[in-house]
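Residues 1 to 289 in UniProt numbering are what the sequence shown lists, from first letter to last.
Think of the CB as a built atom: it goes at the ideal place given N, C-alpha and C, for glycine as much as any other residue.
Encoded as structure tokens, the structure appears first; notes follow it.
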Amino acid sequence: MAASWKIRIAAMFATTLAVAALALGARCMSLTLPRCSVDTLWNGGPALDVPYAQTRPEVIAKMLAMAGVGRDDYVLDLGTGDGRILIAAARDRGARGLGVDIDPVLIDQARADARATGVGDRVAFRTQDLFETPLADADVVTMFLLPEVNLRLRPRLLAELEPGARIVSHVFDMGDWRPDATGRAGGARVHGWIVPARIAGRWRLREASGRTAELRLTQQFQEVAGSVIVGEAARPIGQVELTGGRFRFTADTGAGPRPYQGVVRGDAIKGTAPDSSGVERSWQATRIE
Ligand SMILES: C[S@@+](CC[C@H](N)C(=O)[O-])C[C@H]1O[C@@H](n2cnc3c(N)ncnc32)[C@H](O)[C@@H]1O
1 MAASWKIRIA
11 AMFATTLAVA
21 ALALGARCMS
31 LTLPRCSVDT
41 LWNGGPALDV
51 PYAQTRPEVI
61 AKMLAMAGVG
71 RDDYVLDLGT
81 GDGRILIAAA
91 RDRGARGLGV
101 DIDPVLIDQA
111 RADARATGVG
121 DRVAFRTQDL
131 FETPLADADV
141 VTMFLLPEVN
151 LRLRPRLLAE
161 LEPGARIVSH
171 VFDMGDWRPD
181 ATGRAGGARV
191 HGWIVPARIA
201 GRWRLREASG
211 RTAELRLTQQ
221 FQEVAGSVIV
231 GEAARPIGQV
241 ELTGGRFRFT
251 ADTGAGPRPY
261 QGVVRGDAIK
271 GTAPDSSGVE
281 RSWQATRIE
């Protein structure tokens with residue numbers, strides 16, 4: 001065969017490969033990630049918001065450790081793929097949970113792997129769109145999605161999960177919601193968040209001594225600032241920490257600056273602060289607005 005024909009055939013072959021790769025890439029939304037399920041690639045499977053890629057075991061171990069997953073936890077694995085994160089949570093940490101994925105072939109695989117691993121009674125897998133999955137029951141949410149998908153989920157994670165619920169994400173963050181922890185495993189980044197209580201607003205604070213003040217709080221996720229109003233005077237509060245529902249700050253309500261700690265439950269905060277002789281006394285606050 002003449003050399004020019006060989007070059008033409010090679011060029012046609014290369015073009016066909018490139019077109020096929022582009023088509024597959026569009027289907028799976030990325031050329032860089034290793035694979036989609038066969039169904040998604042060839043059989044007109046579901047449209048994906050995130051292409052299929054697998055989290056490595058060392059990254060899974062880091063995610064579960066960062067979230068402190070334990071026996072009492074119900075883990076919701078969004079975009080579960082072959083279920084490897086949830087299966088590890090049940091196998092290594094005794095958790096229960098639910099994995100959802102839009103790709104039914106991957107869900108079948110996850111069920112089979114869970115049974116083979118001996119955790120079929122602790123975990124369930126469902127073919128479901130993650131955007132239609134209720135979140136409220138989860139103690140821990142695990143995900144390996146995409147930045148824009150994380151951001152779309154963010155308002156629901158904040159509104160539906162209980163304060164104190166943990167979220168861990170392989171690689172991607174959640175925009176200006178600063179992670180409470182970031183770590184690395186096997187060259188990959190892992191981020192963790194603790195869902196903060198909704199604490200912004202005005203609160204009527206009453207101390208055991210009978211002293212009262214108004215607490216005015218602003219909040220950007222877990223970052224809280226504010227002041228106590230006593231009579232006409234507004235004094236900024238300091239050393240403010242909100243971790244889930246646990247709230248700490250220092251304030252001067254008239255007897256000098258003191259450390260307050262409490263737990264937020266809906267429209268009430270209950271806690272203790274030391275009196276002038278250092279004895280812990282109770283205080284509580286109720287939401288005014
Ligand atoms: C990057 S993979 C992660 C798989 C697995 N969690 C892991 O870490 O190995 C993302 C998964 O999300 C699934 N997915 C994409 N869009 C989805 C949607 N709207 N609802 C549920 N799952 C979706 C894909 O099928 C894929 O399995």
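- The Cβ atoms of TRP193 and ASP180 lie closer than 8 Å to each other.
- Taken atom to atom, the span from the alpha-carbon of GLY244 to that of ASP267 is near 15 Å.
- Not one heavy atom of ligand 1 sits closer than 7 Å to the Cβ of PHE172.
- Assigned with DSSP and collapsed to three states, ASP108 falls in helix.
- Among the bridge pairs identified by DSSP, GLY97 is matched with VAL75 and VAL123.
- For the pair ALA124 and SER169, the Cα-to-Cα distance works out to about 20 Å.
- Taken through DSSP and simplified to helix, strand or coil, ALA114 comes out as helix.
- Within the stretch 134-203, the complete beta strand (DSSP E) runs of at least 3 residues fall at 140-143, 166-170, 181-185 and 188-194.
- The closest heavy atom of ligand 1 lies 7 Å or more from the beta carbon of ALA124.
- Spatial neighbours of GLY79 in its own chain (CB-CB distance under 7 Å, excluding positions within 5 residues in sequence) are listed in chain order as VAL50, ASP101, LEU130, MET143, PHE144 and LEU145.
- Beyond the five residues adjoining it in sequence on each side, GLN109 comes within less than 7 Å, by CB distance, of ASP82 in the same chain, given in chain order.
- For LEU161 and ASP77, the gap between their C-alpha atoms comes out near 14 Å.
- Residue environment for ALA165: buried (at least 16 other C-beta atoms within 10 angstroms of its C-beta).
- In this structure, the C-beta of ALA53 approaches ligand 1 to less than 7 Å from one of its heavy atoms.
- When DSSP states are grouped into helix, strand and coil, ILE269 belongs to the strand group.
- Apart from the 5 residues on each side of it in sequence, ARG96 sits with its Cβ closer than 6 Å to the Cβ of TYR74 and ARG122 in its chain, given in chain order.
- Between the C-alpha atoms of GLU232 and THR250 there is a straight-line separation of about 19 Å.
- The alpha-carbon separation between GLY210 and MET66 amounts to approximately 42 Å.
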